[in-house]
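One line per chain: the protein sequences are A and B, in this order. Just so we're aligned: 29 in the working numbering is position 29 of the first sequence, and the numbers increase by one with no gaps anywhere. Count along the second sequence from 1, then add 266; that gives the number in the working numbering. Take a look at the structure set out below.
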Amino acid sequence: MRAFGNKPLVAGLAGAVLLFLYAPLLVMAFFSFNASQFTGLPFKGFTLSWYEKVLENETLMRSIGASVYVGIGTVILSMLIGLPAAIALDRYDFPGKAAFRRVVMLPIVLPGVITGVALLSFYITIGFRLSLNTIMLGQGTALTCIYVTEVFARLQQLGRSQEEAAYNLGASQIETFFKVTLPNLKSAIFGTMLIVFSISFDEIAVTYLLTGRENTLPMALWSILRREATPEINAVATLVIAFSIVLIVIGVVASRGKDLVAASKS
Amino acid sequence: MAAYIDLIGIRKSYGASPVAAVDGVDLSIQKGEFVTLLGSSGCGKTTTLRCIAGFEMPDTGTIRFSGEDITYSQPSERDMRMVFQDFALFPNMTISENVAFGLRLKKMRGRYSEAQIRARVEEYLSLVQLADHGKKMPHQLSGGQKQRTALARALITDPAVVLFDEPLASLDANLRKAMQVEIKRLHRQFNKTFIYVTHDQEEAMAMSDRIVVMNKGRIVQSGSPEEVYSQPNSKFVANFIDRANILTGIVETVDGSTAKIRLASGATLSAPTNDATISGKTVGVMIRVDRVSLGEDGSDQRNILRGIVAERLFLGAKNEYVIELADGAGRISVHERTAGAQASIGDVVPLCVLPDDIRVLAA
Numbered sequence: 001m002r003a004f005g006n007k008p009l010v011a012g013l014a015g016a017v018l019l020f021l022y023a024p025l026l027v028m029a030f031f032s033f034n035a036s037q038f039t040g041l042p043f044k045g046f047t048l049s050w051y052e053k054v055l056e057n058e059t060l061m062r063s064i065g066a067s068v069y070v071g072i073g074t075v076i077l078s079m080l081i082g083l084p085a086a087i088a089l090d091r092y093d094f095p096g097k098a099a100f101r102r103v104v105m106l107p108i109v110l111p112g113v114i115t116g117v118a119l120l121s122f123y124i125t126i127g128f129r130l131s132l133n134t135i136m137l138g139q140g141t142a143l144t145c146i147y148v149t150e151v152f153a154r155l156q157q158l159g160r161s162q163e164e165a166a167y168n169l170g171a172s173q174i175e176t177f178f179k180v181t182l183p184n185l186k187s188a189i190f191g192t193m194l195i196v197f198s199i200s201f202d203e204i205a206v207t208y209l210l211t212g213r214e215n216t217l218p219m220a221l222w223s224i225l226r227r228e229a230t231p232e233i234n235a236v237a238t239l240v241i242a243f244s245i246v247l248i249v250i251g252v253v254a255s256r257g258k259d260l261v262a263a264s265k266s
Numbered sequence: 267m268a269a270y271i272d273l274i275g276i277r278k279s280y281g282a283s284p285v286a287a288v289d290g291v292d293l294s295i296q297k298g299e300f301v302t303l304l305g306s307s308g309c310g311k312t313t314t315l316r317c318i319a320g321f322e323m324p325d326t327g328t329i330r331f332s333g334e335d336i337t338y339s340q341p342s343e344r345d346m347r348m349v350f351q352d353f354a355l356f357p358n359m360t361i362s363e364n365v366a367f368g369l370r371l372k373k374m375r376g377r378y379s380e381a382q383i384r385a386r387v388e389e390y391l392s393l394v395q396l397a398d399h400g401k402k403m404p405h406q407l408s409g410g411q412k413q414r415t416a417l418a419r420a421l422i423t424d425p426a427v428v429l430f431d432e433p434l435a436s437l438d439a440n441l442r443k444a445m446q447v448e449i450k451r452l453h454r455q456f457n458k459t460f461i462y463v464t465h466d467q468e469e470a471m472a473m474s475d476r477i478v479v480m481n482k483g484r485i486v487q488s489g490s491p492e493e494v495y496s497q498p499n500s501k502f503v504a505n506f507i508d509r510a511n512i513l514t515g516i517v518e519t520v521d522g523s524t525a526k527i528r529l530a531s532g533a534t535l536s537a538p539t540n541d542a543t544i545s546g547k548t549v550g551v552m553i554r555v556d557r558v559s560l561g562e563d564g565s566d567q568r569n570i571l572r573g574i575v576a577e578r579l580f581l582g583a584k585n586e587y588v589i590e591l592a593d594g595a596g597r598i599s600v601h602e603r604t605a606g607a608q609a610s611i612g613d614v615v616p617l618c619v620l621p622d623d624i625r626v627l628a629a
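What follows is the structure, given as structure tokens:
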């Protein structure tokens with residue numbers, strides 16, 4: 001591994017990839033501070049006015065609120081379905097298990113548009129009014145598969161013997177689940193929550209088809225962009241990136257936190 | 267008379283496999299006994315133990331525990347604790363919390379106050395020499411310490427029976443020896459019934475009151491370590507328990523309780539037997555490597571064999587000689603103390619062995 005990093009070609013290639021990934025983001029963040037009506041050079045001086053504009057823009061702020069609402073709902077809904085499904089797949093044998101597993105995984109490979117159209121016609125058929133809640137329902141069921149894969153992988157890695165040890169020591173099934181199984185799944189569940197939230201946050205295809213009167217952030221940005229690209233967009237995007245970084249840091253710290261605490265004590 | 271634990275006709279196969287993992291096991295275990303199920307991997311020993319613990323349900327058969335049928339009862343309802351090969355400590359709890367787990371469960375509620383639990387955890391941690399490690403997390407302990415934690419966690423709930431599923435298999439050799447002594451000491455101290463599963467015959471011999479040798483889902487022999495060592499009832503047991511020389515010969519006569527057996531080399535051996543019907547048949551002859559010695563001492567009580575030294579291996583306290591018997595009668599390994607008789611490769615040497623140290627086995 002060490003020798004690998006010393007080779008100029010590898011380092012150059014890695015650098016190029018990182019540049020292509022992150023340069024656009026940096027450029028965007030840079031222009032969000034530009035005191036100019038237009039996104040682009042020249043740089044006419046530092047300003048925070050675009051950020052003030054964002055905070056004053058009620059449509060944008062409401063759309064952020066809507067995105068967070070949908071995101072949190074989606075996280076909870078998909079966990080409520082995905083967690084038991086993963087446990088059932090790992091711990092129990094039942095007829096049709098293989099088919100169940102494939103059906104649960106299907107949304108991963110289905111294009112969002114298809115899921116969206118299917119859900120839309122379904123909701124219309126049963127007479128649901130489209131709203132943020134229908135988006136939540138659509139995303140929540142489609143993203144269940146992420147919980148199933150992540151939690152299932154963790155359960156497989158954990159094995160059975162800890163649970164057996166708990167039963168063997170006299171614990172009931174409920175005690176075993178809450179004292180032994182769940183604590184071991186905590187970091188997997190938390191990590192999946194973050195993944196699901198961020199997917200939900202920038203989802204367009206399903207949302208576009210299922211939304212009612214209210215818009216989520218990507219939808220609002222989309223409609224603003226169709227009229228004109230103001231540096232306000234840059235400011236919102238920069239805020240979203242900053243928020244994502246915070247989430248990632250929280251995620252990393254939370255999943256490693258226990259070890260760090262333990263290590264500092266010893 | 268019913269024993270403490272009775273396994274009657276236990277049979278268990280997994281999934282669609284046509285071969286039963288456990289194929290008709292009958293076993294009685296007395297209270298306070300240290301019984302070891304010994305066999306190579308896949309012999310059904312672990313499945314048998316898991317049936318006793320309640321993690322597996324036998325397809326057929328009955329398990330009785332102090333007179334009660336427990337075949338289909340839940341693991342949590344059995345007064346038995348298991349020590350696992352992979353320790354199975356709870357990684358999210360400290361060592362103290364791990365040990366206290368069984369005492370804090372709903373089942374035990376009210377039986378101990380929090381202060382009593384703490385005192386008891388301390389007592390059991392010091393019992394397994396982990397008094398200073400209570401606040402650590404499992405991942406901070408060595409393998410031996412983890413297994414001692416698991417032992418304390420099992421013993422603290424005062425179970426009637428402790429089950430061990432290859433608990434030392436993932437430890438290195440020195441640690442394994444030390445843990446054997448410790449487990450043996452705990453057995454003496456608590457006087458509980460221990461049922462132990464291992465593939466390591468040395469471990470089984472060192473600790474057990476009784477060894478149950480298993481092969482292909484069945485019990486092959488059950489007896490004290492001395493018995494299975496010196497009186498194996500089959501070639502399988504003879505080979506599995508320590509090192510054995512097994513030769514083939516034809517029984518010439520059976521006179522009372524002594525058989526005269528002729529080897530291919532022409533030599534005859536006298537050996538004890540209680541089966542007169544083997545006369546004229548081909549049999550296996552087992553001689554332990556430590557029960558045969560180089561040289562002859564002149565007494566006619568002994569059987570004398572002759573052969574050529576083919577190999578000499580230095581093993582530290584002893585030498586191992588591999589002696590090629592004449593006429594393709596086979597090879598015999600002899601362990602001789604380094605300070606004892608000496609021979610060099612190519613020497614023609616006499617070997618002597620007492621009739622009582624020969625075991626006649628079915629061919």
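Yeah, the Cβ is synthetic: ideal placement off N, Cα and C, and Gly gets one too.
Is the beta carbon of residue j closer than 8 Å to that of residue i?
i	j	result
B:G409	B:L437	yes
A:V156	A:D90	The residue asked about is misnamed: residue 156 of chain A is Gln in this sequence, not Val. A contact, by the Cβ cut-off of 8 Å.
B:G489	B:R476	yes
B:E586	B:H601	yes
A:Y208	A:G116	yes
B:I630	B:L535	There is simply no residue 630 of chain B to check, as chain B begins at 267 and stops at 629 in what is shown.
B:I295	B:V288	no
A:S32	A:A242	no
B:R568	B:V619	yes
A:I189	A:V151	yes
B:R528	B:G546	no
B:L493	B:T464	With the sequence shown as reference, residue 493 of chain B is identified as Glu, and Leu is not the correct amino acid for it. No. Outside cutoff.
A:T181	A:E163	yes
B:L571	B:A533	yes
A:S63	A:T216	yes
A:Y147	A:M105	no
B:L315	B:L293	no
Please compile the residues from chain A whose C-beta is within a distance smaller than 9 Å of the C-beta of residue i.
i	result
B:N358	K179, V180, P183, N184, K186, K258
B:K458	In chain order: nothing, as chain A lies at least about 15 Å away.
B:R419	A165, L169
Given that residue i touches chain A, what residues does it touch there, using C-beta distances under 8 Å?
i	result
B:D398	By Cβ distance, chain A contributes nothing, its closest Cβ being about 12 Å from B:D398, past 8 Å.
B:T423	L169, G170
B:P341	E164, Y167, N168
I think residue i touches residue j, with their Cβ atoms under 8 Å apart; what is that distance to the nearest whole Å?
i	j	result
B:N364	B:P404	7 Å
B:F506	B:V479	6 Å
B:I589	B:G573	4 Å
A:Y123	A:T134	6 Å
A:E203	A:G112	7 Å
B:F350	A:S172	At roughly 20 Å, the Cβ-Cβ gap does not stay under 8 Å, so B:F350 and A:S172 are not in contact.
B:T415	B:Y270	Going by Cβ atoms, the distance from B:T415 to B:Y270 rounds to 28 Å, so no, they are not a contact pair.
A:L132	A:Y69	6 Å
B:G275	B:T326	6 Å
B:V555	B:S599	5 Å
Note down, in chain order, every chain A residue with its Cβ under 7 Å from the Cβ of residue i.
i	result
B:S307	Within 7 Å Cβ-Cβ: nothing; B:S307 doesn't reach chain A, min ~17 Å.
B:R347	N168, L169
B:G561	Chain A residues near B:G561: none, gap ~54 Å exceeds 7 Å.
B:F350	S161, A165
For residue i, return the contacting residues in chain B, with the cut-off set at a CB-CB distance below 9 Å.
i	result
A:M214	Reading off the sequence, residue 214 of chain A comes out as Glu, not Met. The premise fails here: A:E214 is roughly 41 Å from chain B at the closest Cβ pair, so nothing lies under 9 Å.
A:E203	Within chain B, no residue comes near A:E203; the closest Cβ sits about 34 Å away, beyond 9 Å.
Along chain B, in chain order, which residues have C-beta atoms closer than 7 Å to that of residue i?
i	result
A:Q162	A354, F356
Within the present structure, is the beta-carbon of residue i separated from the nearest heavy atom of the ligand ADP by less than 7 Å?
i	result
B:V615	As presented, the structure is devoid of all ligands, the ligand ADP included, so that no description of it is given.
Cβ closer than 8 Å: which chain B residues qualify as neighbours of residue i?
i	result
A:E175	L371, K372
Near-chain B residues of the segment 83 to 104 of chain A (beta-carbon distance less than 7 Å), N- to C-terminal order
none
Start-end ranges of the alpha helix (DSSP H) lying completely within the segment 20 to 108 of chain A, minimum 4 residues:
49 to 56, 58 to 91
Which residues, in chain order, does the segment 314 to 335 of chain B contribute to contact with chain A at a C-beta distance below 7 Å?
A319, F321
Name the residues in the segment 45 to 63 of chain A whose C-beta lies less than 8 Å from a C-beta of chain B; which are they?
none
Give the residues from the segment 362 to 385 of chain B that approach chain A closer than 8 Å (Cβ to any Cβ), ordered along the chain.
F367, G368, L371, K372, K373, M374
In chain order, which continuous runs of the alpha helix (DSSP H) of length 4 or greater are located wholly inside the segment 180 to 223 of chain A?
182 to 201, 205 to 210
Could I get the ranges of all uninterrupted alpha helix (DSSP H) runs contained in the segment 343 to 400 of chain B, with 4 residues as the minimum, in chain order?
361 to 366, 380 to 393
Residues of the segment 217 to 243 of chain A in Cβ contact with chain E at a cutoff of 9 Å, in chain order, please.
Reference to chain E is not applicable here, since the protein chains of this structure are A and B.
Residue ranges of each beta strand (DSSP E) within the segment 296 to 330 of chain B, 3 or longer
300 to 304
4 or more residues per run - each alpha helix (DSSP H) lying fully within the segment 474 to 528 of chain B:
491 to 496, 501 to 506
In chain order, each beta strand (DSSP E) run of at least 3 residues that lies wholly inside the segment 430 to 474 of chain B:
459 to 464
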